[in-house]
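See below for the structure under consideration.
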Amino acid sequence: MRYHLGVVVLLGVAAAGCMATPSTTMYAEPRLKYLLLDHYGEDRFFYCDPDYYPISRGDEQTKALEAFPAIQNNTAEFDAIVNRAGLQPPYSDGAKLAIYREHKRLQAIPLTPAGTDSFTYSMQLSTEGEGRRVSGAIRTDGSIAERRSEAAILTCPICLAEDTRIDSPQGPVPVSSLREGMLVWTLDADGVGVAAPVLRTVRVAIPAGHLVVRLELADGRTVTASPGHPTTDGRTLAALRPGDPLDGSAVLHAETVPYAGDYVFDILLSGPRGSYLADGIPLNSTLR
Numbered sequence: 023m024r025y026h027l028g029v030v031v032l033l034g035v036a037a038a039g040c041m042a043t044p045s046t047t048m049y050a051e052p053r054l055k056y057l058l059l060d061h062y063g064e065d066r067f068f069y070c071d072p073d074y075y076p077i078s079r080g081d082e083q084t085k086a087l088e089a090f091p092a093i094q095n096n097t098a099e100f101d102a103i104v105n106r107a108g109l110q111p112p113y114s115d116g117a118k119l120a121i122y123r124e125h126k127r128l129q130a131i132p133l134t135p136a137g138t139d140s141f142t143y144s145m146q147l148s149t150e151g152e153g154r155r156v157s158g159a160i161r162t163d164g165s166i167a168e169r170r171s172e173a174a175i176l177t178c179p180i181c182l183a184e185d186t187r188i189d190s191p192q193g194p195v196p197v198s199s200l201r202e203g204m205l206v207w208t209l210d211a212d213g214v215g216v217a218a219p220v221l222r223t224v225r226v227a228i229p230a231g232h233l234v235v236r237l238e239l240a241d242g243r244t245v246t247a248s249p250g251h252p253t254t255d256g257r258t259l260a261a262l263r264p265g266d267p268l269d270g271s272a273v274l275h276a277e278t279v280p281y282a283g284d285y286v287f288d289i290l291l292s293g294p295r296g297s298y299l300a301d302g303i304p305l306n307s308t309l310r
């Protein structure tokens with residue numbers, strides 16, 4: 023697992039709190055993302071590098087060379103990156119790697135349109151003694167209005183989507199609703215289902231751009247969780263491919279999609295295995 027904290031460059035902030043000084047210049051989205059990094063400090067920005075989390079996906083330099091033509095075709099982002107870094111053509115392999123890393127960082131700052139001249143943003147930051155999750159709005163003139171700041175656990179999560187249902191003696195229960203002491207179904211050492219109490223629950227705020235795997239089995243069962251979430255046989259969801267066997271069925275689809283929620287969840291159960299049935303599919307806890 024790899025995460026990034028960059029180099030600090032701070033912009034001045036207006037005396038009226040969290041509203042940055044406006045400008046008459048209109049900026050494209052990549053430039054707005056750099057304004058956010060400058061506003062909060064590049065060294066404080068936290069995100070999970072998709073080439074290293076949840077599993078290594080090959081040599082980063084090779085991937086940089088493969089991705090370079092597509093990055094270069096996005097002229098707004100490409101120009102913002104090379105202008106900021108002071109890079110000039112012809113671009114060496116080292117320059118292409120630097121451009122690729124900046125591309126990944128900018129992709130980890132999603133901007134959502136909020137009207138004709140504004141976007142909403144959400145970022146995770148490293149601060150002294152704790153992490154912070156900040157959100158707000160940035161206008162195309164570069165003015166920034168922070169609307170929320172809360173403590174956050176800075177980690178690259180490997181947990182369940184918030185609408186995942188865990189099988190229990192009372193029927194399926196949303197993982198977000200489970201509490202310590204509640205009974206859910208688990209598997210004993212022989213693989214037999216038994217009721218076990220929840221020992222611990224965890225809710226983790228996700229970093230911007232978090233991806234999840236939507237897994238569908240041939241028998242119709244589906245579950246959505248972080249790519250690194252483990253199955254009961256030690257594989258991860260990211261490692262599953264169509265046709266792979268799983269719990270008496272086979273993988274039909276395993277696609278990586280953006281996560282729409284704000285948090286992911288997991289539980290720890292008593293018992294030798296600590297596994298549970300997530301939307302009917304046996305998975306292991308990440309808390310053991």
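For reference, each letter of the sequence shown is one residue, going 23 to 310 in this note's numbering. Don't be surprised by glycine CBs; every beta carbon is placed ideally from N, CA and C. This structure is a prediction, so every number in the text was calculated from the model and none was measured.
Chain-order list of residues whose beta-carbon lies under 7 Å from that of residue i (same chain, five-residue window excluded)
{"i": "Met145", "result": "Leu58, Tyr62, Phe67, Ile131, Val156, Ala230"}
{"i": "Gly312", "result": "Missing from the structure shown is residue 312; the chain here goes from 23 to 310 and no further."}
{"i": "Thr149", "result": "Arg66"}
{"i": "Asp284", "result": "Ala227, Ile228"}
{"i": "Thr134", "result": "Phe141, Thr142"}
{"i": "Asn105", "result": "none"}
{"i": "Ser248", "result": "Pro76, Pro179, Ile180, Cys181, Val234, Val286"}
{"i": "Asp266", "result": "Ala272, Val273"}
Integer-rounded CB distance, given that residue j should sit under 8 Å from residue i
{"i": "Thr177", "j": "Val235", "result": "In fact, because the Cβ distance is near 18 Å, the residues do not count as touching under 8 Å."}
{"i": "Leu262", "j": "Leu237", "result": "7 Å"}
{"i": "Pro191", "j": "Ala217", "result": "5 Å"}
{"i": "Asp163", "j": "Thr46", "result": "7 Å"}
Beta-carbon proximity of residue i to residue j, cut-off 8 Å
{"i": "Val286", "j": "Leu182", "result": "yes"}
{"i": "Asp71", "j": "Lys126", "result": "yes"}
{"i": "Ile93", "j": "Tyr122", "result": "yes"}
{"i": "Asp210", "j": "Gly293", "result": "yes"}
{"i": "Leu205", "j": "Thr253", "result": "no"}
{"i": "Asp115", "j": "Leu87", "result": "yes"}
{"i": "His251", "j": "Leu259", "result": "yes"}
{"i": "Ala98", "j": "Ala50", "result": "yes"}
{"i": "Asp185", "j": "Val224", "result": "no"}
Contacting residues, own chain, Cβ-Cβ under 8 Å from residue i (five flanking each side not counted)
{"i": "Ala159", "result": "Ala136, Ser140, Phe141, Thr142, Tyr143, Ile166, Ala167, Arg169"}
{"i": "Arg187", "result": "Pro194, Val195, Pro196, Val197, Ala300, Asp301"}
{"i": "Phe90", "result": "Tyr113, Lys118, Ile121, Tyr122"}
{"i": "Ser271", "result": "Leu239, Ala240, Asp241, Arg243"}
{"i": "Arg295", "result": "Thr208, Leu209, Asp210, Ala211, Thr254, Asn306"}
{"i": "Phe100", "result": "Ile93, Gln94, Ile121"}
Neighbourhood of residue i by C-beta distance below 6 Å, restricted to the same chain and skipping five residues each side
{"i": "Glu124", "result": "Ile103"}
{"i": "Lys55", "result": "Leu128, Ile131"}
{"i": "Leu290", "result": "Leu221, Arg222, Ser307, Leu309"}
{"i": "Glu172", "result": "Arg155"}
{"i": "Pro9", "result": "Coverage of the chain is limited to positions 23 through 310, which leaves residue 9 absent and any answer about it impossible."}
{"i": "Glu82", "result": "Asp73"}
{"i": "Asp189", "result": "Trp207, Leu299"}
{"i": "Leu200", "result": "Val220, Thr223, Ile289"}
If you pair each beta-carbon of the stretch 287-301 with each one of the stretch 224-244, do three or more pairs fall below 8 Å? yes
If we require 3 or more residues per run, which beta strand (DSSP E) segments fall completely within the stretch 146-204?
Whole beta strand (DSSP E) segments, 3+ residues: 152-161, 166-174.
key: Contained beta strand (DSSP E) runs [length at least 3] in the stretch 82-155, N- to C-terminal order   = The stretch 82-155 contains these whole beta strand (DSSP E) runs: 140-149.
Practice task
Starting from the N-terminal side, write out each stretch of the beta strand (DSSP E) that is 3 residues or longer and does not extend beyond the stretch 221-268.
Solution key: 233-239, 244-247
If you scan the stretch 266-306 from start to end, which runs of the beta strand (DSSP E) of 3 or more residues do you find wholly inside it? Secondary structure remark: continuous beta strand (DSSP E) runs of at least 3 residues inside the stretch 266-306, in chain order: 271-280, 285-291, 297-300, 303-306.
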